[in-house]
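Below: the structure, in structure tokens.
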Amino acid sequence: MSQYINARGLGRYVLLGHSMGGKIALALAARQPAGLAGVVLLNPSPPSPEPMSGAERQVARQAFGERTAAEHTFHHITARPLPPAVQQQVVQDNLRSSSRAYHAWLQQGSREDISNQMSRVQVPCLILSGDQDRVLPPAVHNTRTLPLLPAGTPLELIAGAGHLLPYEAPSEVATRLRAFGQQL
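The numbering of the sequence shown is UniProt numbering, which starts it at 1 and goes up by one.
As structure tokens, this is what we get:
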């Protein structure tokens, strides 16, 4: 991300990350890059290891690449009905994931703890969470993420939405992103 930002000469920008991308955005924000004005996190992975049991990891490891498992995952992580074309796209994206990348996330990325870096995040932050997210519910953000972010960071809930906020609530997310950006 740093190379992308530098290559485009962005003078002022906001980082946005969804799920594990939220943890990545926080890791970059902790480096205090020039021009960073804020961070928006959509149902983010916490800075601490993800709340996932060994049994859940084993099931995920064994189910990788199976269409039935990808379809089950889609239904588990969404709360709002989505058009069949979107469902198919999400399932196909899941099946296209490289085994190497998926297993690296499962074994390393999801277990990484960057909590000790969070005191260096010095820009305004916003967390958006679907109130029906079963993967990383609002309670995870309240206990594992908010206490590590700058004082006053809001956790805004989107009613009836699950983990896939960009698909389930695009208009609501866009409205809140605009409002956050206007405050900076």
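Note that the Cβ used here is the ideal one computed from N, Cα and C, for glycine as well.
The shortest C-alpha to C-alpha distance from Gly162 to any of Ser97, Leu10, Pro44, Arg8 is the one to Pro44. Annotated as distal: Leu136 and Ser115, with beta-carbon spacing of 9 angstroms or more.
In the DSSP assignment, His76 falls within the alpha helix (DSSP H) that extends over 67 to 77. Distance between Ala30 and Ala37, taken at the CA atoms: about 13 angstroms. Judged by DSSP in its simplified three-state form, Gly54 adopts helix. Annotation for Leu106: Arg57, Ala60, Arg61 place their beta carbon closer than 7 angstroms to its own, counting only its chain and skipping 5 residues before and after.
With contacts defined as CB atoms closer than 9 angstroms, Ser48 and Arg144 qualify as a contacting pair. Residue state for His141 is assigned as helix, using DSSP reduced to three classes. The beta carbon of Pro51 sits closer than 7 angstroms to the beta carbons of Val140 from its chain, once the five residues preceding and following it are set aside; these are given in chain order. About 12 angstroms separates the beta carbon of Gly35 from that of Tyr4, a gap too long to meet the 8 angstroms contact definition.
Put simply, the backbone Cα of Leu146 is about 18 angstroms away from that of Gln32. In this structure Thr175 is exposed. Its beta-carbon is surrounded by fewer than 16 other beta-carbon atoms within 10 angstroms. In this structure, the straight-line span from the alpha carbon of Ser119 to that of Leu128 is close to 20 angstroms.
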